[in-house]
Each structure stands twice: as C-alpha cells, then as structure tokens.
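First the structure, in the form of structure tokens, and then the observations on it.
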Amino acid sequence: DTAVSQTPKYLVTQMGNDKSIKCEQNLGHDTMYWYKQDSKKFLKIMFSYNNKELIINETVPNRFSPKSPDKAHLNLHINSLELGDSAVYFCASSHRNTGELFFGEGSRLTVL
Amino acid sequence: GEDVEQSLFLSVREGDSSVINCTYTDSSSTYLYWYKQEPGAGLQLLTYIFSNMDMKQDQRLTVLLNKKDKHLSLRIADTQTGDSAIYFCAETEDQAGTALIFGKGTTLSVSS
Numbered sequence: 724d725t726a727v728s729q730t731p732k733y734l735v736t737q738m739g740n741d742k743s744i745k746c747e748q749n750l751g752h753d754t755m756y757w758y759k760q761d762s763k764k765f766l767k768i769m770f771s772y773n774n775k776e777l778i779i780n781e782t783v784p785n786r787f788s789p790k791s792p793d794k795a796h797l798n799l800h801i802n803s804l805e806l807g808d809s810a811v812y813f814c815a816s817s818h819r820n821t822g823e824l825f826f827g828e829g830s831r832l833t834v835l
Numbered sequence: 084g085e086d087v088e089q090s091l092f093l094s095v096r097e098g099d100s101s102v103i104n105c106t107y108t109d110s111s112s113t114y115l116y117w118y119k120q121e122p123g124a125g126l127q128l129l130t131y132i133f134s135n136m137d138m139k140q141d142q143r144l145t146v147l148l149n150k151k152d153k154h155l156s157l158r159i160a161d162t163q164t165g166d167s168a169i170y171f172c173a174e175t176e177d178q179a180g181t182a183l184i185f186g187k188g189t190t191l192s193v194s195s
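Residue numbers (our numbering), protein chains in the order written: chain A, 724 to 835; chain B, 84 to 195.
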C-alpha cells in the first residue's frame, strides 16, 4: 500500500512542452506539498495545499501551476518547460497534528 | 529569511560513530527533524526533537539540540554500510501545514 504515490517516475521531454506530474496520498492527510530537488540534491518547497486551498506559494515561475481537485490529490502542471526545470520533484503530505512529512518517491524530470 | 546549514559530506568507517551537524537561524524554530534519503528514493523521517528538549535517543540515533547556539546534531552509533545516504536537517515553527525548511543535506559515506 503506497502512502504517497507520484506518476510518472521519470519524464523526459523537449523544451517548450507542457507536462504534468500527479500525486495522490491515501493517508487521510490534510496538507500536501511539492518540493523541488535540484542536481545538487538541494530541497526547496514550491507549494503547499491544505484541504484543497493554496497556503504556500514560494517564488516559483508562474509556468508552474498546482491543482488540488480534492485533499488526496495535488497535481503539478508545468508550461513551456525550460532546461532549468530539470530536477526531481517530490510530493509530500502531512497530518495537521503531527507535522511529519511523508514523501513520494519523486518524479525525475529531464528537459532536453 | 530562515536558513539551515549543514556540511555537505561525511566519510566514516563501518563500526565508527557518525556525527552530522546542523545550524539554523530561525529562533522561533519549534520542531527540528532529521530525514534520510537513500539513492533514488524519497525522504524518510528518522527522528525529530521539540525545541524544549536537549536530547533524544532512539536506538542507534542520538539527537542533541543546543538551542542557545541553534545547533542540532545527529549521532549514529556503530555506523553500518546501510546508513550510507543523504541526511537532511529541517526545521519549522509549527506543525500545522507550515512547510519544513531543509538544509542542503549531508552525504554520509560508510566504508567497510
């Protein structure tokens, strides 16, 4: 039983394309996140949703648009992909009362 | 803004103790975490400590917190080759939906 699942795990695409990464959690958590991990393994928060509402939106180009159709899902859509978007994108979720983050396995995006 | 600093690399021999250090700048940090990332995988919570604690021990793991110096350390006793991974220090002011601020991660390499 996968707690936080992301698809696809690998994504290779050309510059200028639009792509989406999907995330689902079956833990009943209230809050979901997208983190970006660059080639140096540095992790940075991008977005956070609590019960389908956006609560954190860090300085991220507006080509990145998160969408949360329900509290178990948080998808990430990226328009007009650029080389610098190549990274591993991690979805995570947390329960309001414990704060512990549960991470997905990551989606490695390569932009050529 | 908040910042979390860690040294990037640590190399130890199997059976030795490993000590991974972390400093943070946000004096209102209330919860401090250690996450482990194995190659190609997501992050897993190892342990956490509240700011009103000085020490927490969990089997081979010992976390020490010096709140005055804003210094956090993770000691792994009897380090094994399976402990080779990236260890991330993270902090947050509160648990409820606030994103964790991660350090850049310390790559621990254990040689036999």
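In this text, a Cβ means the ideal position worked out from N, Cα and C, and glycines have one as well.
Minimum Cβ-Cβ distance from residue i to chain A less than 8 Å
{"i": "L183 of chain B", "result": "yes"}
{"i": "L191 of chain B", "result": "no"}
{"i": "L126 of chain B", "result": "yes"}
{"i": "K119 of chain B", "result": "no"}
{"i": "R188 of chain B", "result": "The sequence shown places Gly at residue 188 of chain B, not Arg. Closer than 8 Å to some Cβ of chain A, the Cβ of G188 of chain B qualifies, so yes."}
Under 7 Å by beta carbon: chain A residues contacting residue i
{"i": "K139 of chain B", "result": "By Cβ distance, chain A contributes nothing, its closest Cβ being about 14 Å from K139 of chain B, past 7 Å."}
{"i": "I169 of chain B", "result": "K764"}
Euclidean distance between Cα positions of residue i and residue j
{"i": "N749 of chain A", "j": "N773 of chain A", "result": "15 Å"}
{"i": "L734 of chain A", "j": "N149 of chain B", "result": "43 Å"}
{"i": "K775 of chain A", "j": "H800 of chain A", "result": "16 Å"}
{"i": "M138 of chain B", "j": "K153 of chain B", "result": "14 Å"}
{"i": "S112 of chain B", "j": "E174 of chain B", "result": "6 Å"}
{"i": "E747 of chain A", "j": "L766 of chain A", "result": "20 Å"}
{"i": "T736 of chain A", "j": "V834 of chain A", "result": "5 Å"}
{"i": "Q740 of chain A", "j": "G123 of chain B", "result": "Checking the sequence shown, residue 740 of chain A turns out to be Asn, not Gln. So the alpha carbons of these two residues sit roughly 25 Å apart."}
{"i": "K763 of chain A", "j": "G165 of chain B", "result": "22 Å"}
{"i": "E781 of chain A", "j": "I184 of chain B", "result": "12 Å"}
{"i": "F787 of chain A", "j": "I779 of chain A", "result": "13 Å"}
{"i": "S94 of chain B", "j": "F813 of chain A", "result": "27 Å"}
Cβ-Cβ distance between residue i and residue j below 8 Å
{"i": "G98 of chain B", "j": "E828 of chain A", "result": "no"}
{"i": "A160 of chain B", "j": "I768 of chain A", "result": "no"}
{"i": "M755 of chain A", "j": "L797 of chain A", "result": "yes"}
{"i": "G186 of chain B", "j": "C105 of chain B", "result": "yes"}
{"i": "L832 of chain A", "j": "D808 of chain A", "result": "yes"}
{"i": "A680 of chain A", "j": "Y758 of chain A", "result": "What is shown of chain A runs 724 to 835, which leaves residue 680 of chain A out entirely."}
Any non-hydrogen atom of the ligand FMN within 7 Å of residue i CB
{"i": "F826 of chain A", "result": "Looking for the ligand FMN in the displayed structure turns up nothing, as the structure carries no ligands at all."}
Contact with chain B by residue i, beta-carbon distance below 8 Å
{"i": "L734 of chain A", "result": "no"}
{"i": "F813 of chain A", "result": "yes"}
{"i": "E823 of chain A", "result": "yes"}
{"i": "F677 of chain A", "result": "The structure shown has nothing for residue 677 of chain A, since chain A only spans 724 to 835."}
7 Å Cβ cut-off: residues of chain B touching residue i
{"i": "G829 of chain A", "result": "G125"}
Interface partners of residue i on chain B, CB under 9 Å
{"i": "I768 of chain A", "result": "A182, L183, I184 and F185"}
Where are the beta strand (DSSP E) runs, 3 residues long or more, that stay fully inside the stretch 162-189 of chain B, in chain order?
168-175, all fully within the stretch 162-189 of chain B.
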